[in-house]
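Report on one structure; see the data block that follows.
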Amino acid sequence: MKGVFVVGAGPAGLFAARQIALAGYDVFLFNRDIKPGGLAEYGIYPTKDKMKSGLRKQFAKVLELPNVHYFGGVQVGKSYDLTIEELEAMRPAAIVFACGAQASGQLGLPGEDAKGVYAAKDFVYYYNGLPPYSTMDFSTGRRVVITGIGNVAIDIAHWLLEDSPSHTQLEEVVVVARRGPMEAKFDEKEIGYVDKHISRADLVAELDRVKERCARCNQDVSPENLFQQSFRKLQDPNFVSVPPRLSFRFLTSPTQIFKDENGRVARVEVAENDLVLRPDGDTKAVATKERTILEADTLIYAIGNRQDPNIGLPMGRDGFATEPASGNSEEPHFKLWNTEAGQAIPGRFVVGWARRASTGLVGIARHDGELGAEQAIEYVKNEPERNTLNADGIMAELKKKGLNPATKANCGLVA
Ligand SMILES: Cc1cc2nc3c(=O)[nH]c(=O)nc-3n(C[C@H](O)[C@H](O)[C@H](O)COP(=O)(O)OP(=O)(O)OC[C@H]3O[C@@H](n4cnc5c(N)ncnc54)[C@H](O)[C@@H]3O)c2cc1C
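As C-alpha cells, this is what we get:
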C-alpha cells in the first residue's frame with residue numbers, strides 16, 4: 001500500500017485528505033485534538049452555529065470515506081506524543097503537514113508572566129471549549145486591553161462584551177493598535193457585531209489625538225472619512241452606544257506590564273508611536289520615548305500566530321520553510337524545504353495555516369489543502385510500493401506508546 005499521512009485535521013488537512021482519498025490512496029489523519037475541525041471548530045465564534053454545523057457536515061463526509069482513517073488526540077512533533085521519525089517508520093508514501101499555526105505571538109515584554117496575560121489563540125480555544133484550555137483559568141475583570149486590530153481581536157472583544165459569563169462586571173475593552181485607524185484589519189461584518197458598544201465621543205477624541213501623526217502619511221482620519229470606511233453605524237446621527245464600552249487606542253504599543261500584589265496585571269505601560277511611510281508606500285509604527293499607563297486587569301495578545309517550532313520541521317523566515325518562490329511567481333509552494341541543504345524534502349508538503357499563518361478564512365485553507373494535496377498525489381503516483389502500515393498496524397504502534405487515539409467512531413464529530 002502507498003498510504004499518505006496528514007498531520008492535522010483542520011479544514012486544510014481534512015480537505016487535503018479528501019482529495020487524496022478520492023485519488024484512490026489510503027489517508028491516515030493524525031490530529032492533536034480528539035475532535036476534527038481545528039479552528040473551524042475551536043476558533044470560529046461560538047454563536048455562528050449555522051456556519052459551524054455546515055462545516056461539521058462537510059468534515060463528517062470526509063471521514064465517511066472508507067479509505068480515510070482517523071487518529072485523534074495524537075500530537076506529532078519532537079516534543080510531543082509521536083515524533084516525525086516514528087511517523088516515518090510506518091512507511092508513508094508522503095506526509096502532508098496541516099497542523100496550523102500553534103505558537104502564540106507574544107512580545108517578550110517585562111511582566112508578561114503576570115496572571116491575566118493571554119494569547120488570543122488560547123483564549124479563543126478556551127471559550128470554544130477545547131480541552132485542556134476549556135478548564136484553565138482565563139479569568140477577566142473590569143478592564144481588558146487587547147493588542148491587535150484584526151478580526152480575531154474583534155471576535156474576542158465581541159465575546160467579552162456580550163457572551164462571556166462575566167460580561168456584566170466588564171466596564172471597558174480597549175483595542176490597542178500599533179498603527180493608525182487606516183491600518184485596521186477587521187472586516188465590516190465583524191465590527192458590525194460590536195460597534196454598538198463604541199462611544200462616538202471617545203472615538204472622535206481618539207481620532208483627534210492621532211490625526212496629525214496620520215496626516216504625515218497622507219491619511220485623513222477625520223470622523224467623516226473614517227466612519228464611512230470602518231465604523232459605518234456611527235454615521236447615524238441617532239446612534240447611541242450601550243455598555244460595556246469598546247474603545248480604541250491607535251499608534252500605541254505595549255512596552256511593560258505591572259502586576260498587583262497577587263501577581264495579576266494591574267497596569268499596562270504603552271509607547272506612543274509615530275507613523276512613518278515606507279518606500280513601498282506601506283506604513284510602519286516607530287515607537288517614541290513617550291509612555292502612557294493604561295489601567296487594566298487583563299491583556300490579550302491578538303497579533304497573529306506562528307508555526308510551532310517544537311514540531312521539529314525546518315523553520316524559515318515566516319514559519320515552516322517551504323520551497324522559495326522563483327522570480328516574481330505568485331504560485332504557492334507546498335514542498336517542505338531543507339534550509340541547510342537548500343532543497344525540497346521529497347514527499348513532504350505543508351498546507352493551510354501551517355504554510356502561511358493567520359491568513360484567510362476556511363475557504364482559503366480548504367483551497368490551500370486541495371492544491372497541496374494535488375502535489376502530494378503527483379509525487380505518490382511516481383513512487384514505488386511502500387507497504388505503509390494499515391490502520392490496525394498504526395493503531396497497534398500508537399497503543400505500544402501508551403496512546404489511546406480517538407477513531408472516526410468516537411471523535412465526537414456529529415454532523
Ligand atoms: C478566532 C478565529 C475566528 C475565525 N473565524 C472565522 C470565521 O468566522 N469564518 C471563517 O471562514 N474562518 C474563520 N477563521 C479562520 C479559520 O478558522 C482558518 O482559516 C482555518 O481553520 C485554518 O485551517 P488549518 O487547517 O490550516 O488550521 P487549523 O484550523 O488551525 O487546524 C490545525 C489542526 O492541526 C492540529 N494540530 C496542531 N498541531 C498538531 C500536531 N503537532 N500534531 C497533530 N495535529 C496537530 C490541530 O488539532 C487542528 O485540528 C477564524 C480563525 C480564528 C483564529
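Just so it is clear: in the sequence shown, position 44 is 44 by the numbering used here, and no numbers are missing.
Even for Gly, the Cβ is constructed at its ideal location relative to N, Cα and C.
1) For residue 294, which option in 271, 308, 364, 318 has the closest C-alpha, if you only look at C-alpha atoms?
2) Within 8 Å: the Cβ of residue 99 and any heavy atom of ligand 1?
3) Is residue 369 near ligand 1, going by C-beta to nearest heavy atom under 8 Å?
4) Less than 7 Å between C-beta atoms, sequence neighbours within five positions excluded: which residues of the same chain meet that for residue 267?
5) Three Cβ pairs or more, each shorter than 8 Å: is that satisfied between the region 364-382 and the region 394-408?
6) Exposed or buried, which one is residue 358 when buried takes at least 16 other CB atoms within 10 Å?
7) Given a cut-off of 9 Å, decide if residue 173 and residue 145 are closer than it, judged by their beta-carbon atoms.
8) Suppose only complete runs of 3+ residues qualify. What are the beta strand (DSSP E) ranges in the region 260-305, listed by chain order?
9) Sorry if obvious, but does the Cβ on residue 30 come closer than 8 Å to a heavy atom of ligand 1?
10) What does a CB cutoff of less than 7 Å around residue 194 pick up in its chain, not counting 5 residues either side in sequence?
11) Helix or strand or just coil, what does DSSP make of residue 55?
12) Taking only three categories from DSSP, how would you classify residue 65?
13) Kindly indicate the opening and closing residues of the alpha helix (DSSP H) around residue 231.
14) For a test of the three-state rule: what should DSSP assign to residue 192, helix, strand or coil?
15) Checking the sheet assignment: what are the DSSP bridge partners for residue 385?
16) Can you give the Cα-Cα distance for residue 22 and residue 282, rounded to whole angstroms?
17) With respect to 8 Å, is the separation between the Cβ of residue 40 and the closest non-hydrogen atom of ligand 1 below this value?
In brief:
1) Residue 271 is the option with its Cα nearest to residue 294.
2) Yes, ligand 1 has a heavy atom inside 8 Å of this Cβ.
3) Answer for residue 369: yes, Cβ within range of ligand 1.
4) Closer than 7 Å at Cβ, skipping near neighbours: 258, 293, 294, 295, 296.
5) With the cut-off at 8 Å, the region 364-382 and the region 394-408 do not touch.
6) That one is buried.
7) Yes.
8) Look at the region 260-305 and you find these whole runs of beta strand (DSSP E), each 3 residues long or longer: 265-277, 283-295, 298-301.
9) Residue side-chain check: residue 30 places its Cβ nearer than 8 Å to a non-hydrogen atom of ligand 1.
10) Leaving aside the five residues that flank residue 194 on each side, the residues in its chain whose CB is nearer than 7 Å to its CB run, in chain order, 154, 157, 158, 161, 246.
11) Helix.
12) Of the three classes helix, strand and coil, the one that applies to residue 65 here is coil, per DSSP.
13) Going by DSSP, residue 231 is part of no alpha helix (DSSP H) at all; its letter is neither H nor E.
14) Helix at residue 192.
15) Residue 385 is not bridged by DSSP to any residue.
16) Each residue's alpha carbon lies about 43 Å from the other.
17) For ligand 1, at least one heavy atom lies less than 8 Å from the Cβ of residue 40.
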